[in-house]
Every structure is written in C-alpha cells, then in structure tokens.
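Q: As they're listed, the protein sequences go chains A and Z. Taking the working numbering, I'd label the letters of the first sequence as residues 17 to 128. Taking the working numbering, I'd label the letters of the second sequence as residues 113 to 222.
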Amino acid sequence: SQTIHQWPATLVQPVGSPLSLECTVEGTSNPNLYWYRQAAGRGLQLLFYSVGIGQISSEVPQNLSASRPQDRQFILSSKKLLLSDSGFYLCAWSVLYNQPQHFGDGTRLSIL
Amino acid sequence: RKEVEQDPGPFNVPEGATVAFNCTYSNSASQSFFWYRQDCRKEPKLLMSVYSSGNEDGRFTAQLNRASQYISLLIRDSKLSDSATYLCVVRTPEGYALNFGKGTSLLVTP
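(1) How do the segment 98 to 108 of chain A and the segment 180 to 196 of chain Z stand: do at least 3 beta-carbon pairs fall below 8 Å, yes or no?
(2) From what residue to what residue does the beta strand (DSSP E) around residue 68 of chain A run?
(3) Using only the alpha-carbon positions, how far apart do residue 126 of chain A and residue 196 of chain Z sit?
(4) Taking buried to mean at least 16 other C-beta atoms within 10 Å of its own C-beta, is residue 58 of chain A buried or exposed?
(5) Using a Cβ-Cβ cutoff of 7 Å, what residues of the segment 116 to 128 of chain A are near chain Z? List them in chain order.
(6) Which term fits residue 28 of chain A, buried or exposed, when burial requires 16 or more other beta carbons within 10 angstroms of its beta carbon?
(7) For residue 129 of chain A, which residues of its own chain have a beta-carbon under 7 Å away from its beta-carbon, when the five flanking residues on both sides are left out?
(8) Using a beta-carbon distance cut-off of less than 7 Å, what residues from the segment 95 to 114 of chain A approach chain Z?
(9) Would residue 53 of chain A be called buried (16 or more neighbouring beta carbons within 10 Å of its own) or exposed?
(10) What's the call for residue 217 of chain Z, buried or exposed, on a 16-neighbour Cβ count within 10 Å?
(11) Comparing the C-beta of residue 92 of chain A with each C-beta of chain Z, is any distance below 8 Å?
(12) Taking the beta strand (DSSP E) that residue 47 of chain A belongs to, which residues open and close that run?
(13) Taking buried to mean at least 16 other C-beta atoms within 10 Å of its own C-beta, is residue 151 of chain Z buried or exposed?
(14) Closest by CA to residue 117 of chain Z, which one among Z:219, Z:147, Z:167?
(15) Please say whether residue 137 of chain Z and residue 181 of chain Z have beta carbons closer to each other than 8 Å?
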C-alpha cells in the first residue's frame with residue numbers, strides 16, 4: 017500500500033532563517049505531488065504541485081520554492097522565512113490529477 | 113465570491129442523531145467533488161468522493177446538485193468518533209488544484 021512521510025512534525029524557526037521540509041511517497045510510481053499550507057482559521061491553500069521529476073508549478077507568488085529531485089521526493093524550501101510563513105504545511109499525493117489526494121501528517125511551522 | 117463555501121458551525125448533536133452539511137461552489141465547470149474529514153491538528157483524510165448520482169458509504173451519504181452548485185453530506189446515527197471538521201473539496205476545471213472549504217465543525221455529545 018502507498019504511504020506518505022513528512023518531516024519534521026514540528027518546527028520553530030526565527031525570521032530570516034532558511035527552511036527545508038521533505039516529503040516522500042512509497043508504494044507508487046510517478047505520483048502527482050502537492051504542497052499545501054493551512055494558516056490558522058483558514059482553508060488549505062495549494063502552494064505547488066508536480067507531475068514529474070523537475071516539473072514544478074506554483075499556484076501563488078511567495079518566498080517559498082519547491083523541488084522534486086527524485087520521483088517520490090518533494091521538497092519545500094525558503095531562503096528567508098517571514099512571519100507570515102507560519103502555518104501547517106501538508107504534502108499530498110495522487111495517482112492521477114483527477115483522483116483524490118492523500119495527505120501526509122503535516123509539519124507545524126512557527127516563525128518567531 | 114469564495115470558490116467553496118461552508119457553514120463553519122459548530123454543529124452540536126447528540127449521539128444517534130442525523131446531521132447534514134451543505135456546501136456551495138462557484139465554478140460551474142468543476143468536475144470532481146470530495147468530502148474530507150480533519151481532526152484537530154491533524155491532516156485531512158478522504159471521507160468519500162461525491163458522484164453525480166449520489167453515493168452512500170455506511171452511515172454517510174453524499175449528494176451533488178450541479179444545477180444549484182451545492183454538495184451535501186448526511187451522517188446518520190452519529191457517533192462520538194464522528195466529531196471532527198468536515199471539509200468540502202472541489203477540483204478546479206484545470207485539473208490539478210483542489211479548492212478546500214474552510215470546513216464545518218461537528219461535535220457529537222453523549
């Protein structure tokens with residue numbers, strides 16, 4: 017069966033520091049991968065999606081970036097975090113673009 | 113106008129009650145619809161897809177009304193474990209993005 021792993025579960029970072037969140041999927045090949053953010057009191061917002069290695073599409077302008085160095089690995093990064101980057105970051109995968117997406121456990125990011 | 117709108121609740125119901133949630137979406141070209149469940153401080157989990165003809169999964173029934181652009185979820189015989197936030201989700205016509213409602217909070221009490 018397919019599983020998705022995200023780490024770390026919780027992260028506290030100072031403003032201006034870099035960020036790297038990692039997500040890996042097991043048990044499937046060539047999944048569609050997604051990064052979402054859920055800010056307090058708000059719905060999930062799609063940040064990036066990827067349909068294959070090296071293929072990244074951004075949904076919203078921001079100081080975050082994403083990379084997909086391997087088929088089942090998706091990384092979310094920032095060079096300098098802002099206070100507004102705080103939130104619950106969720107990685108998800110789907111078999112095809114029109115199939116339901118399945119989420120990892122998420123990373124709760126607090127910026128101080 | 114927001115893409116997906118839900119009544120935030122909370123809905124407080126006793127065990128065994130039947131409760132229904134509605135959700136409206138703005139883009140008439142939307143093609144896929146889902147209900148997800150999210151427990152406090154946890155990731156969303158797929159509850160069920162919503163099909164045009166309506167579908168049922170145990171105590172849960174989902175309906176889609178394309179003409180009025182709304183989706184419903186009915187929970188029968190509520191259990192304490194049903195307490196969670198229920199997210200209405202609509203796939204954009206472009207295909208990749210899912211638009212999530214902010215969720216409806218349900219609390220089932222003894």
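C-beta atoms are modelled at their ideal positions from N, C-alpha and C, and glycine is treated no differently. Keep in mind that this is a model prediction, so the values were computed, not measured.
A: Per the coordinate set shown:
(1) Segments in contact, no.
(2) 60 to 68
(3) So the two alpha carbons sit approximately 24 Å from each other.
(4) exposed
(5) Taking 7 Å as the upper bound on Cβ-Cβ separation, chain Z lies near residues 116, 117, 118, 119, 120, 121, 122 of the segment 116 to 128 of chain A.
(6) Residue 28 of chain A is exposed by the Cβ-count criterion.
(7) Nothing can be reported for residue 129 of chain A, as the shown portion of chain A is limited to 17 through 128.
(8) In summary, the residues of the segment 95 to 114 of chain A whose CB is separated from some CB of chain Z by less than 7 Å are 106, 113, 114, in the order they occur in the chain.
(9) buried
(10) buried
(11) Taking Cβ atoms only, chain Z never reaches closer than 8 Å to residue 92 of chain A, which makes this a no.
(12) No beta strand (DSSP E) holds residue 47 of chain A; DSSP gives it neither H nor E.
(13) Flag for residue 151 of chain Z reads exposed.
(14) Z:147
(15) Taking C-beta atoms as the reference points, residue 181 of chain Z and residue 137 of chain Z count as a pair closer than 8 Å.
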